[in-house]
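See structure below.
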Amino acid sequence: MKPSFPVTDIMLRRVETPRKVSAPAFANHIWQINQYEFAMQVEGVGSFYACNGNEVEYMPAEGAAKESLELYLNGSVYGAILHQRNILPLHGSS
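Position one of the sequence shown corresponds to residue 25 (this note's numbering), numbered consecutively onward.
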């Protein structure tokens, strides 16, 4: 079953091989990012790639729960998509 994503004008697709960010401005063992691309690898959950504010690819880890995928899609990946659209994502709690 395909995970849900909070934005409807996105091409969301499952892939067999995750893409890497070309010329990352920042990279470590979890994240790669530049102005137009974002990639993240989460052990036990999967790999995620977002670009141009309108495209998301994901590769689930073996046995990953749909709810775990949605946690990262609706969190970090959604924030990256908003940033790529020049929208400042804020997280707050009271």
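All C-beta atoms, glycine included, are put in the ideal place defined by N, C-alpha and C.
Buried or exposed by the 16-neighbour rule on C-beta atoms within 10 Å, applied to Ala104
For the purposes of this step, residue 104 is taken as residue 80 along the sequence shown, with counting starting at 1. Per the 10 Å Cβ criterion, buried.
How big is the Cα-Cα spacing for Ala88 and Val69?
As a working mapping, residue 88 is identified with position 64 in the sequence shown. As a working mapping, residue 69 is identified with position 45 in the sequence shown. C-alpha separation (whole angstroms): 5 Å.
Candidates Ile111, Pro48, Thr41 and Pro42: closest to Gly77 by CA position:
To locate residue 77, count along the sequence shown from 1; it is residue 53. Among Ile111, Pro48, Thr41 and Pro42, the Cα nearest to that of Gly77 is on Ile111.
Give a yes or no on whether the C-beta atoms belonging to Val39 and Tyr73 are separated by under 9 Å.
Here the question's residue 39 lines up with position 15 in the sequence shown. Here the question's residue 73 lines up with position 49 in the sequence shown. For Val39 and Tyr73, yes; Cβs fall inside 9 Å.
If we ignore side chains and look at the alpha-carbon of each, how far apart do Leu106 and Pro27 end up?
Position 82 of the sequence shown, counting from 1, holds the residue named residue 106. Position 3 of the sequence shown, counting from 1, holds the residue named residue 27. Taking the straight line from one Cα to the other gives about 19 Å.
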